[in-house]
Amino acid sequence: ETSGEIAIEKPTVIDFKKKDVTLTVGKQQIVNKSELTVKGAGKMTATDYIFMNEAGATLTIENGTYTATKATDANGVVIYNQGICNIKNGTFDGPGFTLMNTGSADMTIENGNVINRNSPTGYALMAAGGGTKLTVKGGRIEAIQSIGGANVTISGGTILNDCKYYALYNQDGKTTITGGYFSGYPG
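In this note's numbering, the protein residues as written are 79 to 265.
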């Protein structure tokens with residue numbers, strides 16, 4: 079457990095070799111300025127965003143469970159991405175925009191589970207801004223919001239929203255869909 083910021087300033091690998099390993103951090107604690115790869119089936123929790131992936135940095139998540147417990151000024155974010163982020167697998171759970179992409183962010187999701195429990199936003203994944211790219215190849219995502227000219231490509235996965243919003247909301251962006259399953263609120 080740590081309450082201090084952990085700055086990643088050179089290529090680093092965090093390997094949770096045992097399933098029962100849990101790292102608990104405070105708010106905005108792991109600030110990636112370089113290359114960070116997280117492996118293994120361990121768990122990470124934080125009050126609000128676990129990872130801040132800065133512009134020019136690369137974050138790769140291979141597996142694990144990541145939980146933000148509160149929605150403060152960062153909306154209950156697990157990963158705030160402004161760089162390159164590759165999600166190969168894992169479970170991401172937050173009370174707001176669980177995965178948030180802004181600026182020059184480029185996120186690819188190959189598999190995993192992106193949850194927005196009790197979210198006031200209704201969207202677990204957000205892409206905002208004309209320089210932002212989001213690619214979804216698989217996984218289960220509790221709704222996507224694309225705003226401000228973001229480029230979104232969906233070729234697989236399950237995108238759903240069982241509360242009062244859409245499974246995919248696009249405002250002024252470019253969205254290409256070649257596959258996947260979509261399910262929204264019937265109300």
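Glycine residues also receive a C-beta, built at the ideal position from the N, C-alpha and C atoms.
Straight-line CA distance for S254 to M185? On the sequence shown, residue 254 is found 176 positions in, with the first residue counted as 1. On the sequence shown, residue 185 is found 107 positions in, with the first residue counted as 1. Position check: residue 254 holds Thr in this sequence, whereas Ser was assumed. The alpha-carbon atoms of T254 and M185 are separated by roughly 15 Å.
Taking DSSP as the reference, what is the three-state secondary structure of G235? Within the sequence shown, numbered from 1, the residue matching residue 235 stands at position 157. If DSSP states are grouped into helix, strand and coil, G235 belongs with coil.
To which residues of the same chain is V155 closer than 8 Å at the C-beta, ignoring the five residues directly before and after it? Numbered from 1 along the sequence shown, position 77 holds the residue referred to as residue 155. Contacts found: D126, Y127, A146, G172, G174, F175, T176, L177, M178.
Select from D250, A124, V116 the residue whose C-alpha is nearest the C-alpha of N164. Stepping through the sequence shown from its first residue, residue 164 is reached at position 86. The shortest Cα separation from N164 among D250, A124, V116 belongs to V116.
Measuring only the C-alpha atoms, how far is G216 from L101? As a first step, residue 216 is located in the sequence shown; it is residue number 138 there, counting from the start. As a first step, residue 101 is located in the sequence shown; it is residue number 23 there, counting from the start. So the two alpha carbons sit approximately 27 Å from each other.
Where Y158 falls: helix, strand or coil (DSSP): Within the sequence shown, the letter at position 80 stands for residue 158. The answer is strand: DSSP assigns Y158 an E or B state.
Reduced DSSP secondary structure (H/G/I, E/B, other) of I34: Here the chain comprises residues numbered 79 to 265, so residue 34 is not present and cannot be evaluated.
Starting from I124, trace the beta strand (DSSP E) both ways and give me its first and last residue. On the sequence shown, position 46 is the one that residue 124 refers to. According to the sequence shown, residue 124 is Ala rather than Ile. 121-126 is the extent of the beta strand (DSSP E) around A124.
Pick helix, strand or coil for V214, following the three-state DSSP scheme. Residue numbering aside, residue 214 sits at position 136 when the sequence shown is read from its first letter. Residue state, collapsed to three classes: strand.
Taking the alpha carbon of T180 as the reference point, which residue from I232, K148, L203, E140 has its own alpha carbon closest? Working through the sequence shown from its first residue, we reach residue 180 at position 102. Minimum Cα distance to T180 is reached at L203.
Integer Cβ distance of V109 from I86, believed to fall under 8 Å: Here residue 109 corresponds to residue number 31 of the sequence shown, with the count starting at 1. Here residue 86 corresponds to residue number 8 of the sequence shown, with the count starting at 1. Right, their Cβ atoms sit about 7 Å apart.
Residues bridged to F170 (per DSSP): By one-based count along the sequence shown, residue 170 stands at place 92. For F170, which the question treats as bridged, DSSP gives the partners Y144, V192.
Coarse secondary structure for C163, derived from DSSP in three states: Taking the sequence shown and counting its residues from 1, one reaches residue 163 at position 85. DSSP places C163 in strand when its eight states are reduced to three.
Can you give me the start and stop residues for the beta strand (DSSP E) that K117 sits inside? On the sequence shown, residue 117 is found 39 positions in, with the first residue counted as 1. Taken as a continuous stretch (DSSP letters only), the beta strand (DSSP E) holding K117 covers 113-118.
Return the first residue and the last residue of the beta strand (DSSP E) that F175 is part of. Translated into the one-based positions of the sequence shown, residue 175 becomes position 97. Where F175 is concerned, there is no enclosing beta strand (DSSP E), given that its DSSP letter is neither H nor E.
Using a Cβ-Cβ cutoff of less than 6 Å, which residues in the same chain neighbour I187 once the five nearest sequence positions on both sides are dropped? Looking up residue 187 in the sequence shown gives position 109. I165, V214, G217.
Please confirm whether S233 and G209 have their CB atoms less than 9 Å apart. Against the sequence shown, residue 233 aligns to sequence position 155. Against the sequence shown, residue 209 aligns to sequence position 131. Not in contact: S233 and G209 (Cβ atoms no closer than 9 Å).
Selection from A221, Q249, E113 that minimises the alpha carbon distance to G207: The residue labelled residue 207 in the question sits at position 129 within the sequence shown. Comparing Cα positions, the closest option is Q249.
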